[in-house]
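**Q**
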Amino acid sequence: MIAFGAAFVLPVLMVGLNMLDLLSARTIRRSWRWLVVLVFVFAAIATPTPDAVSMFYLVIPMLFNSVLVAAPTGAGKTVVAQFSIALAVARGVRVFYTAPIKALSNQKFNELVEAYGADRVGLLTGDTSINRDAQIVV
């Protein structure tokens, strides 16, 4: 828990360093993504949890425009997908969620419709096409 506390104090520390002219606002703006990554990595390493790797996966969508997660069952893929979808919606970009079987695609489609509304979510499978131009496509 100390790691998360330290991670949340980092923005306050950065403002303090800026006020002391030790860290410029321009440097903070230019490197904010990497600072967020460092906070997540620090928290993931220092937090006493059996799954620090899945915590690290949450950083990937913040850094890159595309995310591909392939991991074993229970590794945290769903959390990464939900976070990536939320980031895509916030950024106003289109996002695709793929699933290995049609039943899972239908389940995720219904979950996303419930979360984001039917106008934002589409479904494309071998025999079904619903709202194919939506922002979120399963």
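Following full-length UniProt numbering, the numbering of the sequence shown begins with 1 at its first residue and continues without gaps. Heads up, the beta-carbon is just placed ideally off N, CA and C, and yes, glycines get one too.
(1) Please classify residue 20 as buried or exposed, where buried requires at least 16 neighbouring CB atoms within 10 angstroms.
(2) Using a Cβ-Cβ cutoff of less than 7 Å, which residues in the same chain neighbour residue 107 once the five nearest sequence positions on both sides are dropped?
(3) Can you tell me which of 67, 73, 99 puts its alpha carbon nearest to the alpha carbon of residue 126?
(4) In chain order, what are the residue ranges of uninterrupted alpha helix (DSSP H) at least 4 long that sit wholly in the region 56 to 137?
(5) Please determine, among 136, 103, 27, the residue with the shortest C-alpha to C-alpha distance to residue 115.
**A** Answer, in terms of the structure:
(1) Translated into positions along the sequence shown, residue 20 becomes position 20. By the neighbour-count criterion, in which a residue is buried when 16 or more other Cβ atoms sit within 10 angstroms of its Cβ, residue 20 is exposed.
(2) For the purposes of this step, residue 107 is taken as residue 107 along the sequence shown, with counting starting at 1. Excluding positions up to five away in sequence, the list is empty.
(3) By 1-based counting over the sequence shown, the position of residue 126 is 126. That would be 99, whose Cα lies nearest to the Cα of residue 126.
(4) Residue ranges of uninterrupted alpha helix (DSSP H) with 4 or more members, entirely inside the region 56 to 137 and ordered along the chain, are 60 to 63, 77 to 91, 102 to 116.
(5) The residue labelled residue 115 in the question sits at position 115 within the sequence shown. Taking only the C-alpha atoms, the option nearest residue 115 is 136.
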